[in-house]
Amino acid sequence: MVIGRKAARLSLKLRERVTGASDLIDIAGELRIETEKAMLVFDGEQSVWLPKSLVEENGDGTFAMPEWLAKDKGLI
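Sequential numbering from 5 applies to the sequence shown in the numbering used here.
This is how it looks when you write it as structure tokens:
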């Protein structure tokens, strides 16, 4: 999916507000379980619990999160 620069900047600003971080990456995964505060995401190899306060579901099979969180959870 291709989006314009203005939309990309708006998306990044929204993600910065949600996570408080600008070093976001997208991780491909499948939502398995969702609770009020967390989501269980399967990345094809492992299932990990991720806090909703730090993760945004993109709606295209990917999840935006701070790079440090992805590293901490073993996703990258």
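Backbone N, C-alpha and C fix where the C-beta goes; we use that ideal spot for every residue, glycine too.
| said: Taking 7 Å as the limit between beta carbons, can you name the residues of its chain near residue 55, skipping five residues before and five after? | reply: 41, 42
| According to DSSP, is residue 30 helix, strand or coil? | strand
| query | To which residues of the same chain is residue 27 closer than 8 Å at the C-beta, ignoring the five residues directly before and after it? | reply | 70, 71, 72
| said: Is it buried or exposed, residue 78, if we count other Cβ atoms within 10 angstroms and call 16 or more buried? | reply: exposed
| query | Could you check where the beta strand (DSSP E) with residue 54 kicks off and where it finishes? | reply | Its beta strand (DSSP E) spans residues 51-55.
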